[in-house]
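This report concerns only the one structure given below.
Numbering (the working numbering), first residue to last: 870 to 1002.
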């Protein structure tokens, strides 16, 4: 459970039944600037089909995240973990790292980094997870 931009708590267990794309990011991360528009697109295309995108910011200072978001907005759920407990628990090795969690709460894919040539494969995994019941 982490606090979101709106001050509300977001808990992964409350999202069971949805496919969740959990993305760990930081303001200093170059590939994160490219991943945000793609995550916006996935949120728009698949949100109604059961996809929730949750981006976990790991910056120590919230102002750094705010500057990033002013230049690269996210139209999905954004939460903050300045203490770094969540990335440690998820064994995140670098930024960005994403986890695709199925409707039953199982991690079905992990990706480190973000490359434009990987977008189609990532989207295919999301579609497959959404289609699996």
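Positions of the beta carbon are idealized from the N, C-alpha and C atoms, including for glycine.
These numbers come from a predicted model, not from an experiment.
How many angstroms separate the CA atom of residue i from the CA atom of residue j?
i, j, result
"residue 963", "residue 929", "16 Å"
"residue 987", "residue 873", "28 Å"
"residue 933", "residue 923", "18 Å"
"residue 941", "residue 902", "6 Å"
"residue 959", "residue 952", "14 Å"
Candidates the options: which alpha carbon is nearest residue i's?
i, options, result
"residue 981", "942, 965, 996", "965"
"residue 975", "878, 889, 875", "889"
"residue 875", "970, 948, 896, 911", "948"
"residue 995", "897, 984, 968", "968"
For the alpha helix (DSSP H) that residue i lies in, which residues bound it at each end?
i, result
"residue 955", "954-958"
"residue 928", "Where residue 928 is concerned, there is no enclosing alpha helix (DSSP H), given that its DSSP letter is neither H nor E."
"residue 1005", "Since the first residue of the chain shown is 870 and the last is 1002, residue 1005 is not available in this structure."
List the whole-angstrom C-beta distance separating residue i from residue j, where the pair is believed to meet the contact cut-off of C-beta under 8 Å.
i, j, result
"residue 950", "residue 927", "6 Å"
Thinking C-beta only, is residue j closer than 8 Å to residue i?
i, j, result
"residue 887", "residue 972", "yes"
"residue 909", "residue 935", "no"
"residue 983", "residue 906", "no"
First and last residue of the beta strand (DSSP E) that includes residue i?
i, result
"residue 983", "From DSSP, residue 983 is part of no beta strand (DSSP E); its letter is neither H nor E."
"residue 873", "871-873"
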